[in-house]
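Reviewing the structure listed below.
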Amino acid sequence: MKLTRKIMVLAFIMLPCMLYAQSWKVNLKNADIGVFLNQVSEITGKNFILDPRVKGKVTVISNMDLDKKGVLRLLFSVLSVHGYAAIQTSSGIKVVPESNAKQSGLSFDENGAAIGDTLVTQVIPIKHEIATELVPIIRPLIPPFGHLAAAREANALIVSDRAENISELIALINRLDQGAAKTIRVVSLKHAWAGDLLALLKNLDSVPALEHGAPQNQGGTTRVIADESTNRLIIKGSKEATEQLEVLIHQLDKPAQRSNRLHVVPLRYADAKDTAELITSLLGADKKEKDKADHGGSIIKSDVGMNRLVISAEPSVMADLMPIIQELDIPRAQVLVEAVIVEVSMDNNNALGFQWLLGDTSGTSTPVFGSNFNNVGTSISDIANNILDDKPSLSTGATAGILTRRGGLSLAGILQAINSNSNANLLSTPKIMTLDNQKSKILVGETRPFQTGGYSRDSDSAFITTERKDIGLTLEVTPHINAGDEVKMDVSQIVEAASSEKSNLGTITTKREINTTVIAGNNETIVLGGLMQDNITEVHQKVPVFGDLPVLGALFRSSSLKKTKRNLLVFIRPTILRDKKHVNAITQDHYRVFKSIELTMPNGSVRPATIDSILN
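According to mature numbering (1 follows the signal peptide of the UniProt record, and there is no 0), the stretch in the sequence shown is residues -21 to -1, 1 to 595, in order.
The structure is reproduced here in structure tokens:
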């Protein structure tokens, strides 16, 4: 009984060991890869997520006993042979083609715990060397499905590859990253110009490790940077290399027999002429406050054709000028100014009148008596003259008349009634792009001749003088962008057009003009001003005494009523454009509006897809 209990206790103790030591032999011949993955899933308890492109047959010959981890490593190796990659995720293991592995969300192996052929991403910090300089050395070792990049600010490498390959890369990188600690030295120059001295150092092959691979005992590359604003050289490298360079720089920083005073400074954005005048005025103001020897007779000229500054000055003066020039030579933002001019006018005319004419054509004279009004259509006398000239015509509106004759007397009368309505809507949207603080102007209209004088005393030498003037829509604006992205605008808006009314003295024009200064936010629409006008004109004409008679007085008078309503509003909207991307987007948006307009084009013609297509 005691022996039986001992055997049972021993078996109970050994049971976990037997379970832990469980092993498998994997032998497959032309088995479907999905079947293989299903078997591995049953053995390891792992979930597998298959890409639809994962297909094929696999053959595995193994006489070794494998535990669960061994079976998983074997799976990763088989997938690698067939061009597939295994990616660890929180929900399981994704199996995808190697060519798509980078876009499938590689797991991040922070502690380097991944093993085998699993695809992972790992960050490798670089302690001594510069990470970007190691990329060309390591990139040939990365397979096509892998990825290598340098994080400049963190001075680290980001690698996506199989875990086993990454382990080998880390060993190689650690051997390369054995340089000594870098030191930084700042050397102030007294006589030489920092930019000129840097160019000289780069051309000297004897300078140790300057922009080249350094010897192993110096550890890495030595860099020299010119700080032209303070006329200093900044050296970064190993202690030995920086000490040698500092000695060499002090040897070169000597007064030259012929001072190198001439400097050419190209400008990218600022205007050379304006910049030269500004800096010259600053130097002139300094000379009044300081001794003239401080600037040594500095001269600044502008090369307008190449937009450059040509400066004759000592290095100490250049050290003062360069920060100013750099602050002035910055890109200015652009502003798209869009205006909207809306004008609505309505005219309503009503007129009613009676005219009559009595004449005796039997004798030698023709006495005439009647009424003749000019506020309702055509007068009766004009109609009579037109009939005598065989050119009968009537005025606008309704005209009814009567003509009777008895003996030599003739009586004629006409009743005229006019009602006219006219409506006009005007919508104009001028747009113009300009630089910040730059005045710009757009004019859309026509040039018309206007008579200014003449001479007609002798028909042979008669002449008139004319002057051609632009009339139309004019928008003139100067934007000023402030720190809060608001735009102050000096605006001049003029709308001028030829009137339909006639004058013996020349053409009559109508004009609407606004001159103002406003502030608007970026992409904010504001109203500049406008006019709301109502005109009522009432005219009564009558024959004295007869026109005041009740009832019959209507035959001796006429009335007209004219109503004019005009509404004018002007809006404006500035849009700040600070980069090329924004400018290109605005340009393409406006071109799409142009394309949306139906134009009369020949059959088979195609409008370009972009504005660049037209220019190309």
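Where a beta carbon is used, it is the ideal one built from N, C-alpha and C, also for glycine.
These numbers were taken from a predicted model, which means no experiment stands behind them.
- Message: Please state whether the Cβ-Cβ distance between residue 219 and residue 164 is less than 8 Å.
- Response: no
- Item | residue 306: first and last residue of the uninterrupted alpha helix (DSSP H) it sits in | 294 to 307
- Task: For the alpha helix (DSSP H) containing residue 47, list its first residue and its last residue.
- Result: Residue 47: member of the alpha helix (DSSP H) spanning 47 to 60, first to last residue.
- Message: Helix, strand or coil for residue 105? Go by DSSP, reduced to three states.
- Response: coil
- Task: Decide yes or no for the touch test of the segment 494 to 511 against the segment 459 to 473: beta carbon pairs closer than 8 Å, at least 3 of them.
- Result: yes
- Message: DSSP has residue 492 in a bridge; who is on the other side?
- Response: Answer is 473, bridged to residue 492.
- Where do the ends of the beta strand (DSSP E) carrying residue 134 lie? It is not in any beta strand (DSSP E) - residue 134 carries neither H nor E in the DSSP assignment.
- Candidates 324, 42, 252 and 318: which alpha carbon is nearest residue 551's? It is 318 whose Cα lies nearest to the Cα of residue 551.
- Task: Helix, strand or coil for residue 570, going by three-state DSSP, please let me know.
- Result: helix
- Task: Taking residue 157 as the reference, give the member of 143, 145 and 108 with the closest Cα.
- Result: 108
- Which term fits residue 242, buried or exposed, when burial requires 16 or more other beta carbons within 10 angstroms of its beta carbon? buried
- Query: In chain order, what residues of the same chain have a beta carbon less than 8 Å from the beta carbon of residue 496, not counting five sequence neighbours either side?
  - Reply: 467, 468, 469 and 470
- Identify every residue that forms a DSSP beta bridge with residue 601. In the structure displayed, the chain extends from -21 to 595; residue 601 sits before or after that span and is not available.
- Task: Taking residue 414 as the reference, give the member of 459, 452 and 537 with the closest Cα.
- Result: 459
- Message: I'd like to know whether the C-beta atoms of residue 252 and residue 283 end up nearer to each other than 8 Å.
- Response: yes
- Query: Under 8 Å, do residue 277 and residue 262 count as touching if we go by C-beta distance?
  - Reply: Contact: yes.
- Message: For residue 45 and residue 27, I'd like the C-alpha separation in whole angstroms.
- Response: 20 Å
- Taking residue 131 as the reference, give the member of 111, 555, 144 and 314 with the closest Cα. 111
- Query: Per the contact definition of three or more C-beta pairs closer than 8 Å, is the segment 296 to 303 in contact with the segment 525 to 542?
  - Reply: No, the segment 525 to 542 is not in contact with the segment 296 to 303.
- Message: Given this structure, state the Cα-to-Cα distance separating residue 432 from residue 445, to the nearest angstrom.
- Response: 7 Å
- Item | C-beta contact flag for residue 289 and residue 553 at 8 Å | no
- Message: Could you compute how far the alpha carbon of residue 328 sits from the alpha carbon of residue 542?
- Response: 6 Å
- Query: With C-beta atoms as the reference, is residue 454 less than 8 Å away from residue 505?
  - Reply: no
- Message: Closest to residue 457 by C-alpha separation, out of 509, 557, 313 and 490, would be which residue?
- Response: 313
- Query: For residue 74, which of helix, strand or coil comes out of DSSP?
  - Reply: strand
- So, residue 176 versus residue 212, is the Cβ gap smaller than 8 Å? yes
- Item | Residues bridged to residue 23 (per DSSP) | Residue pairing from DSSP leaves residue 23 without any beta-bridge partner.
- Query: What does residue 414 pair with, by DSSP beta-bridge criteria?
  - Reply: 313
- Message: From the DSSP secondary-structure annotation, give me the bridge partner or partners of residue 172.
- Response: Answer by DSSP bridge pairing: none, since residue 172 is not bridged.
- Could you check if residue 19 is buried or exposed, using at least 16 other CB atoms within 10 Å of its CB as the buried criterion? It is buried - the Cβ of residue 19 has at least 16 other Cβ atoms within 10 Å.
- Task: Tell me whether residue 140 is buried or exposed, calling it buried when 16 or more other Cβ atoms sit within 10 Å of its Cβ.
- Result: buried
- Query: From this set, 179, 5 and 293, which residue's C-alpha is nearest residue 37's C-alpha?
  - Reply: 5
- Query: On the three-state DSSP scale, how would you describe residue 116?
  - Reply: helix
- Item | Three-state secondary structure assigned by DSSP to residue 11 | Residue state, collapsed to three classes: strand.
- Which of the three DSSP states, helix, strand or coil, is assigned to residue 35? coil
- Query: Anyone know if the C-beta pair for residue 30 and residue 75 falls short of 8 Å?
  - Reply: yes
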